[in-house]
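Working notes, structure below.
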Amino acid sequence: MKAMVLAAGFGTRLQPLTRILPKPMFPVLGRPLLSHIFDLLLSANINEVAVNIHHLPDFIIDYFEKEKPTDLNLHFSREEKILGTAGGIKKMEDFLGDGPFILINSDIVTDIALNKVIDFHKKNNSKLTLVVRQDISPEQFDSIEICEDGRIVHFIGASSMELPENTKQVMFTGIQIMEPEIFNRIPEGQFCGTTEDIFPQIIRDDVPVYGYLYNGYWKDMGNRESYLQVNADALDEKVFLKGITPNDTNHSFTIPPILVGRNCHIAENSKIGPHSVIGPNCTIKNGAVVENSILWEGVTIGAGSTVKGSVIAKNRTIGDGKNINDEAVI
Numbered sequence: 020m021k022a023m024v025l026a027a028g029f030g031t032r033l034q035p036l037t038r039i040l041p042k043p044m045f046p047v048l049g050r051p052l053l054s055h056i057f058d059l060l061l062s063a064n065i066n067e068v069a070v071n072i073h074h075l076p077d078f079i080i081d082y083f084e085k086e087k088p089t090d091l092n093l094h095f096s097r098e099e100k101i102l103g104t105a106g107g108i109k110k111m112e113d114f115l116g117d118g119p120f121i122l123i124n125s126d127i128v129t130d131i132a133l134n135k136v137i138d139f140h141k142k143n144n145s146k147l148t149l150v151v152r153q154d155i156s157p158e159q160f161d162s163i164e165i166c167e168d169g170r171i172v173h174f175i176g177a178s179s180m181e182l183p184e185n186t187k188q189v190m191f192t193g194i195q196i197m198e199p200e201i202f203n204r205i206p207e208g209q210f211c212g213t214t215e216d217i218f219p220q221i222i223r224d225d226v227p228v229y230g231y232l233y234n235g236y237w238k239d240m241g242n243r244e245s246y247l248q249v250n251a252d253a254l255d256e257k258v259f260l261k262g263i264t265p266n267d268t269n270h271s272f273t274i275p276p277i278l279v280g281r282n283c284h285i286a287e288n289s290k291i292g293p294h295s296v297i298g299p300n301c302t303i304k305n306g307a308v309v310e311n312s313i314l315w316e317g318v319t320i321g322a323g324s325t326v327k328g329s330v331i332a333k334n335r336t337i338g339d340g341k342n343i344n345d346e347a348v349i
């Protein structure tokens, strides 16, 4: 089975950070978020992967040309204009159209077993399988309903011909398995969404669409708070992700859990943690405090400065005696 990762978006909710780095490249435990998505796909023996790109695309291409995961064949799809989810996969029909394929958002963090989703899809002869959850967020409330056997009977205003009485309300996670028949419904060369344009018509046509109910770890990394939370959860081992090789931090005052990258220079009377990720080549000077924060590569924190609940972008310097609270510094 092949896969496509959706990585073309602007990441508006994560501005200003996304002005200088596309969201799929944000470091999580020191590695790009996209690398963790690739790990997830490889764990299900999926090694033919397309990635659509638009916003700051060269950051993604250049990194993975140098750091290409072993056993992974990557196919980048540049979109000169954003095509939407359906338009994006239509552009890659020649690559994806020879069988069922996985479509996954690039801004989620999960350790779901994709093989179980694939088995569920095949067992039910589903034409479209969405991974769903019951912890419904307010903006998605009442958007999807599934019946007891997992069949989706209502999706954002569209219902199948016979709506059962007993259904569960669920939310979509951004992970799905599609059959190639879906390409017949997508117009060529224009913007088209799946949840807005394609899925409702599939539901109305009474095509077998199923929801795989997953209640394990999943988080949408949509804003600075959730970005910090994802890293904190990974440090707490609530989700198991592969991180960078840690540095020896015995010489500094640390409060676990933390992760410190290679070649960092940390003053002995500084304080790091809890829930902080320090990228490689960072410098933390005398009396500095870094708590519940993420420092990208090459950051310098000046003497006596405090950084809490914040993200500091690559190669930025925070001067001496500064207080940075709940900010994103680019």
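First residue of the sequence shown: 20, per our numbering; consecutive thereafter. No residue lacks a Cβ here, since even glycine has one placed at the ideal position from N, Cα and C.
query	result
Host beta strand (DSSP E) of N203 (start-end)	Note, N203: premise wrong, no beta strand (DSSP E); not H, not E.
Assigned exposure category for R7 - 16 Cβ within 10 Å defines buried	Past the boundaries of the shown model lies residue 7; the chain is included only from 20 to 349, so the question cannot be answered.
Cα-Cα separation between Q195 and I123, rounded to whole angstroms	6 Å
Boundaries (first-last residue) of the alpha helix (DSSP H) holding V136	133–142
Proximal residues to G321 (C-beta, below 6 Å), its chain only, five neighbours per side dropped	K304, I337, G338, D339
Residues that S145 bridges to, as DSSP identifies them	Per DSSP, none; premise fails for S145.
Neighbourhood of I170 by C-beta distance below 6 Å, restricted to the same chain and skipping five residues each side	A small correction: the amino acid at residue 170 is Arg; Ile does not occupy that position in the sequence shown. If we look at R170 and ignore the five residues flanking it on each side, its Cβ neighbours are Y229.
Pick from I331, K341, N344, I343 that is closest to T37, judged by C-alpha positions	I331
Cut-off 6 Å between Cβ atoms - residues of its own chain near P51, not counting five sequence neighbours on either side	M44
Residue burial classification, G193 (beta-carbon count within 10 angstroms, cutoff 16)	buried
Sheet register partners of P51 (DSSP bridge)	P46
For R223, the first and last residue of its enclosing alpha helix (DSSP H)	218–223
CB contact flag (S289, I277, <8 Å)	no
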